[in-house]
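A.B. asks:
In the numbering used here, the protein residues as written are 56 to 390.
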């Protein structure tokens, strides 16, 4: 897998590739269907395939004062794409110049001249170019003129028609409400964050629950509370998964007024400072709350850990996410 920047030349082995284009935040099951179509087309043509996406998220450019809840910041998106078999991810810098390109100029500059794309795959709702005037119909028309084919993938929903089409917005909503199973069903894997362990104030260690403190990208906002989590090394592939209890919130008992992600790992006492970790959110144990005393908090945390251990034990006997490509990759430690 290669992560390519907008300014660097495209390696020859990725010329005339099959290109999937979009934001792909979350790489949920709808996105996965699109990417698997791109993969199948690449195999048919004997070409490589990869993703063209945008950084930062366009909403961050147009509304810089409103942080976006990113389901998969770029480093994690790259890992997920690699697990699906992509050979490259081209990240285009979404800035004023890019936002002002006319749709035809965007296609010519990036898909024709830079990528020399043989085939483009995109979703039915993909818009691009100045004023979001570009759409799949324009992409198809221009592709016919410039010698590349276009596949437009319709909305993808669960086979159970009672569910709406998969969407990043509905997954964010589920996470904000603490509906972790619903989010996992749409993602096809347990929602995961990736971040570096930083020095904390040792408050957890002082009360018998040492934690790894992880920095999240601005805008991350799942429900505040205690979660069952699994944690892996974010650099090493096929690494051991550690079970634990995770906390996302601002420690109302201690009145810190800062938001933390902390994970207490079971049966593990390694020094994690400075390491990058992947944290999988399995389920919500309880929403955040303020306790009258530290002793009351410790008693509740003891019970939370018992619940988390039991949930992890049941997960080891049957993980529903392994029915999906990324769920299997997550279980095998390949993400």
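No residue lacks a Cβ here, since even glycine has one placed at the ideal position from N, Cα and C.
Throw me the rounded Cβ distance for the residue 138 and residue 384 pair, which I believe falls under 8 Å.
C.D. replies: As a working note, residue 138 is residue 83 in the chain shown. As a working note, residue 384 is residue 329 in the chain shown. Contact holds; Cβ gap of about 4 Å.
A.B. asks: Spatial neighbours of residue 269 within its chain, please: CB distance less than 8 Å, with the 5 preceding and 5 following residues excluded, ordered by chain position.
C.D. replies: Working through the chain shown from its first residue, we reach residue 269 at position 214. 248, 250, 251, 252, 253, 316, 317, 318, 332 and 334.
A.B. asks: When the Cα atoms are used, what is the spatial distance from residue 342 to residue 222?
C.D. replies: Residue mapping note: residue 342 aligns to position 287 of the chain shown, counting from 1. Residue mapping note: residue 222 aligns to position 167 of the chain shown, counting from 1. Distance between the alpha carbons of residue 342 and residue 222 is about 25 Å.
A.B. asks: Which residue's Cα is closest to the Cα of residue 367: 94, 175 and 339?
C.D. replies: Locating residue 367 in the chain shown gives position 312, counting from the first residue. For the residues 94, 175 and 339, the minimum Cα distance to residue 367 belongs to 339.
A.B. asks: Pick helix, strand or coil for residue 86, following the three-state DSSP scheme.
C.D. replies: What you label residue 86 is simply residue 31 of the chain shown in a count that begins at 1. DSSP places residue 86 in helix when its eight states are reduced to three.
A.B. asks: With a threshold of 6 Å on Cβ separation, who are the neighbours of residue 377 within its own chain once the five nearest residues in sequence on each side are excluded?
C.D. replies: The residue given as residue 377 occupies position 322 in the chain shown. The answer, listed in chain order, is 383 and 386.
A.B. asks: Any chance you could list the beta strand (DSSP E) runs of at least 3 consecutive residues sitting entirely within the segment 320–379, in chain order?
C.D. replies: Correct list: 331–342.
A.B. asks: Kindly list the residues whose CB is nearer than 6 Å to the CB of residue 328, restricted to its own chain and excluding five residues on each side of it in sequence; keep chain order.
C.D. replies: Residue numbering aside, residue 328 sits at position 273 when the chain shown is read from its first letter. Excluding positions up to five away in sequence, the list reads 252.
A.B. asks: Could you check if residue 100 belongs to the surroundings of the ligand GTP, using beta carbon to heavy atom distance under 7 Å?
C.D. replies: You won't find the ligand GTP in this model; it holds no ligand whatsoever.
A.B. asks: Below 8 Å on the Cβ atoms is my contact criterion, and I expect residue 388 with residue 287 to pass it. Report the Cβ-Cβ distance as a whole number of Å.
C.D. replies: As a working mapping, residue 388 is identified with position 333 in the chain shown. As a working mapping, residue 287 is identified with position 232 in the chain shown. Indeed, because the Cβ distance is near 6 Å, the residues count as touching under 8 Å.
A.B. asks: Could you give the uninterrupted runs of the beta strand (DSSP E) lying entirely in the segment 164–234, keeping only those of 3 residues or more?
C.D. replies: 174–178 and 204–208, all fully within the segment 164–234.
A.B. asks: For residue 87, which residues from the same chain have a beta carbon less than 8 Å from its beta carbon, with the 5 sequence-adjacent residues on both sides left out?
C.D. replies: Locating residue 87 in the chain shown gives position 32, counting from the first residue. For residue 87, where only same-chain residues beyond five positions count, the Cβ hits under 8 Å are 139, 243, 379, 380 and 381.
A.B. asks: Which one of 346, 357, 337 and 350 has the shortest CA to CA distance from residue 369?
C.D. replies: Position 314 of the chain shown holds residue 369. It is 337.
A.B. asks: Can the beta-carbon of residue 103 be found closer than 8 Å to that of residue 75?
C.D. replies: The residue given as residue 103 occupies position 48 in the chain shown. The residue given as residue 75 occupies position 20 in the chain shown. Against a cut-off of 8 Å, the Cβ pair of residue 75 and residue 103 comes out as no contact.
A.B. asks: Which partner residues of residue 267 appear in the DSSP bridge assignment?
C.D. replies: In the chain shown, counting from the first residue as 1, residue 267 sits at position 212. DSSP output for residue 267 lists 318 as bridge partner(s).
A.B. asks: Quick one, which of 199, 180 and 325 has its alpha-carbon nearest residue 191's?
C.D. replies: Position 136 of the chain shown, counted from the first residue, corresponds to residue 191. Comparing Cα-Cα distances from residue 191 to each of 199, 180 and 325, the minimum goes to 180.
A.B. asks: Please confirm whether residue 124 and residue 276 have their CB atoms less than 8 Å apart.
C.D. replies: For the purposes of this step, residue 124 is taken as residue 69 along the chain shown, with counting starting at 1. For the purposes of this step, residue 276 is taken as residue 221 along the chain shown, with counting starting at 1. In contact: residue 124 and residue 276 (Cβ atoms closer than 8 Å).
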